[in-house]
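K.L.:
Okay, handing you the structure first.
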Amino acid sequence: MKITNKQCEYCNNEFKAKRTDAKFCSGACRQGAYLERIDNYYNNRNNENHNEAIRREVLFAESEKRKENQIAQIKRNKQDQEAKMQEKIDGFKNVMNEAIENIKLMATKRIVDDANKLLKECLTQLLEFEQQDETPLYKVNWLCERITGFTNDRYYTTLPSDYKHFGFIENVLVPKMVKWYQGLKYSRERRVNVVLSDELKAKFTDVLSEID
Ligand SMILES: [Zn+2]
88 MKITNKQCEY
98 CNNEFKAKRT
108 DAKFCSGACR
118 QGAYLERIDN
128 YYNNRNNENH
138 NEAIRREVLF
148 AESEKRKENQ
158 IAQIKRNKQD
168 QEAKMQEKID
178 GFKNVMNEAI
188 ENIKLMATKR
198 IVDDANKLLK
208 ECLTQLLEFE
218 QQDETPLYKV
228 NWLCERITGF
238 TNDRYYTTLP
248 SDYKHFGFIE
258 NVLVPKMVKW
268 YQGLKYSRER
278 RVNVVLSDEL
288 KAKFTDVLSE
298 ID
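So, in structure tokens, the structure goes:
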């Protein structure tokens with residue numbers, strides 16, 4: 088029997104081995120190595136399970152993160168769409184507001200133009216009337232109604248407050264025409280001869296040229 092010096096695989100002490108395949112110095116070390124192997128086996132298995140659990144946690148966290156990103160992206164897309172829609176609505180509103188302002192302006196301008204046209208007609212008649220030596224009462228009546236009617240007309244209430252001929256119509260033309268008409272009516276005169284002052288005549292002529 089050949090005895091060789093060996094190192095125990097469990098306690099690392101040297102021992103004299105009777106067999107060439109001996110690994111341990113004693114039965115206790117063999118038992119210790121066996122228990123250690125079992126222990127390692129379970130430790131490894133636990134570690135593997137633990138690693139697997141961690142790996143799954145990581146995968147789960149990654150998939151949750153992906154979901155969150157997808158939801159965030161959907162939210163961003165929705166917000167973008169809403170913002171674009173709002174932009175469209177705002178643009179449309181601006182266009183509509185501008186159109187309405189233009190329509191208002193045109194309507195007002197047309198009313199002023201119509202009012203000026205009517206005023207010019209009345210003043211022309213008045214000047215013609217003034218230039219005749221004798222004018223029938225019905226013509227005075229008609230002209231008076233035309234001019235006083237002008238101020239009660241729909242134009243009167245819808246005209247802008249800064250309408251440039253208002254002062255002239257209200258303060259000069261209407262009082263003058265009413266006075267003429269009342270005077271003629273109660274005199275039972277059938278033919279009249281109205282004399283306008285040079286000052287008033289100049290005023291009428293100025294207004295006529297302004298209306299042009
Ligand atoms: Zn040993």
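Counting from 88, one number per residue, gives the positions in the sequence shown under our numbering.
Backbone N, C-alpha and C define an ideal beta-carbon position, used for all residues, glycine too.
Count the other CB atoms, across all protein chains shown, that sit within 10 Å of the CB of Leu213; report buried if there are 16 or more and exposed otherwise.
P.N.:
Working through the sequence shown from its first residue, we reach residue 213 at position 126. So Leu213 ends up on the buried side.
K.L.:
Does the region 219-232 come within contact of the region 245-256, defined as at least 3 CB pairs closer than 8 Å?
P.N.:
No, the region 219-232 does not touch the region 245-256.
K.L.:
Going by the beta-carbon positions, is the gap between Thr235 and Val199 smaller than 8 Å?
P.N.:
Counting from 1 along the sequence shown, the entry for residue 235 is found at position 148. Counting from 1 along the sequence shown, the entry for residue 199 is found at position 112. Not in contact: Thr235 and Val199 (Cβ atoms no closer than 8 Å).
K.L.:
Does ligand 1 have even one heavy atom less than 7 Å from the beta-carbon of Tyr121?
P.N.:
As a first step, residue 121 is located in the sequence shown; it is residue number 34 there, counting from the start. Not so, every heavy atom of ligand 1 lies at least 7 Å from the Cβ.
K.L.:
Can you tell which of Ala104, Glu221, Ala148, Tyr97 has its C-alpha closest to the C-alpha of Arg124?
P.N.:
To locate residue 124, count along the sequence shown from 1; it is residue 37. Among Ala104, Glu221, Ala148, Tyr97, the Cα nearest to that of Arg124 is on Tyr97.
K.L.:
Please report the residue range of the beta strand (DSSP E) in which Ala289 lies.
P.N.:
In the sequence shown, counting from the first residue as 1, residue 289 sits at position 202. Segment 285-298 is the alpha helix (DSSP H) holding Ala289; no beta strand (DSSP E) there.
K.L.:
To which residues of the same chain is Pro247 closer than 8 Å at the C-beta, ignoring the five residues directly before and after it?
P.N.:
Working through the sequence shown from its first residue, we reach residue 247 at position 160. Only Thr195, Val199 meet the Cβ criterion.
K.L.:
Can the beta-carbon of Leu206 be found less than 8 Å from the beta-carbon of Ile256?
P.N.:
Counting from 1 along the sequence shown, the entry for residue 206 is found at position 119. Counting from 1 along the sequence shown, the entry for residue 256 is found at position 169. Cβ distance < 8 Å, so Leu206 and Ile256 count as in contact.
K.L.:
To the nearest angstrom, how far is the alpha carbon of Thr292 from that of Asn258?
P.N.:
Walking along the sequence shown from the start, residue 292 turns up at place 205. Walking along the sequence shown from the start, residue 258 turns up at place 171. C-alpha separation (whole angstroms): 16 Å.
K.L.:
Is any heavy atom in ligand 1 found nearer than 7 Å to the beta carbon of Asn156?
P.N.:
As a first step, residue 156 must be located in the sequence shown, where it is residue number 69. Answer for Asn156: no, Cβ out of range of ligand 1.
K.L.:
Less than 8 Å between the C-beta atoms of Ile90 and Ala109, yes or no?
P.N.:
As a position in the sequence shown, residue 90 is number 3, starting the count at 1. As a position in the sequence shown, residue 109 is number 22, starting the count at 1. No; because the gap between Cβ atoms is not below 8 Å, this pair is not in contact.
K.L.:
Please report the distance separating the alpha-carbon of Ala159 from that of Phe147.
P.N.:
As a first step, residue 159 must be located in the sequence shown, where it is residue number 72. As a first step, residue 147 must be located in the sequence shown, where it is residue number 60. Looking at the two C-alpha atoms, the distance is approximately 18 Å.
K.L.:
Just curious, the beta strand (DSSP E) that Asn92 is in, first and last residue?
P.N.:
One-based indexing of the sequence shown puts residue 92 at position 5. Element bounds for Asn92: 91-94.
K.L.:
Go ahead and label Leu210 buried or exposed: buried means 16 or more other beta carbons lie within 10 angstroms of its beta carbon, across all protein chains shown.
P.N.:
Start at 1 with the first residue of the sequence shown, and residue 210 comes out as number 123. Burial call: buried.
K.L.:
Cα-Cα, which of Ser113, Glu208, Tyr129 is closest to Leu295?
P.N.:
As a position in the sequence shown, residue 295 is number 208, starting the count at 1. It is Glu208.
K.L.:
If you draw a straight line from the C-alpha of Arg197 to the C-alpha of Asn184, how long is it?
P.N.:
On the sequence shown, position 110 is the one that residue 197 refers to. On the sequence shown, position 97 is the one that residue 184 refers to. Taking the straight line from one Cα to the other gives about 20 Å.
K.L.:
Which residues mark the beginning and the end of the beta strand (DSSP E) in which Lys103 is found?
P.N.:
By one-based count along the sequence shown, residue 103 stands at place 16. Segment 101-104, the beta strand (DSSP E) holding Lys103.
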